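Read in order, the letters of the sequence shown correspond to residues 1 to 118 in our numbering.
The beta-carbon is built from N, C-alpha and C at its ideal position, and this holds for glycine as well.
As the structure is a prediction and not an experimental result, all values here were calculated from the model.
Heads up, the thing below is written out as structure tokens.
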Amino acid sequence: MQLETAELPSGIRQIRLTGRLDVQGAGAIDNQFAFAVTTAKTPVLVDLSAVDFIASIGMRLLLMNAKSLHTRGGKLAICKPQPRVREALTTAGIDLLIPVYDDFDTACSELLQTPAAP
Numbered sequence: 001m002q003l004e005t006a007e008l009p010s011g012i013r014q015i016r017l018t019g020r021l022d023v024q025g026a027g028a029i030d031n032q033f034a035f036a037v038t039t040a041k042t043p044v045l046v047d048l049s050a051v052d053f054i055a056s057i058g059m060r061l062l063l064m065n066a067k068s069l070h071t072r073g074g075k076l077a078i079c080k081p082q083p084r085v086r087e088a089l090t091t092a093g094i095d096l097l098i099p100v101y102d103d104f105d106t107a108c109s110e111l112l113q114t115p116a117a118p
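So, in structure tokens, the structure goes:
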């Protein structure tokens, strides 16, 4: 599992994940991902376009960090999951807790316009 971060001109922090978000993958990036999310003073967009598998531990990683960011008034969204990953997120109900977008521009627009939930 690989993790890359970028600060977009819009002020959004993009985190791009590559690989499998299974036990090994989540363990490999857990601290780095938490640091990237919790130090963000801007909205965070997690790009899953290069993640071909997600296990429950990967979903937990996303949820725990989204919750942590939310308690500080921040927002996290997921962008461009592959069909198999999107199906897993939907089946687990993650898409009801973290916004999931298929389009990068729509995700950025929504992150910038939508205030963080209370």
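What are the start and end residues of the alpha helix (DSSP H) that includes residue i?
i	result
residue 19	Unbroken run through residue 19 is the beta strand (DSSP E), 13 to 21; no alpha helix (DSSP H).
residue 105	104 to 113
residue 57	56 to 71
residue 89	83 to 92
Any Cβ of chain D within less than 8 Å of the Cβ of residue i?
i	result
residue 64	Absent here is chain D; the protein component of the structure consists of one chain.
Would you mind sorting residue i into buried or exposed? The rule is 16 or more other CB atoms within 10 Å of its CB.
i	result
residue 43	buried
residue 77	buried
residue 13	buried
residue 21	buried
What residue does the beta strand (DSSP E) around residue i start on, and which one ends it?
i	result
residue 40	It is not in any beta strand (DSSP E) - residue 40 carries neither H nor E in the DSSP assignment.
residue 78	76 to 79
residue 3	2 to 7
TODO: Specify whether the segment 99 to 113 and the segment 51 to 70 touch according to this definition: at least 3 beta carbon pairs, one from each stretch, less than 8 Å apart.
DONE: Touching, no, given that fewer than three Cβ pairs across the two stretches are closer than 8 Å.
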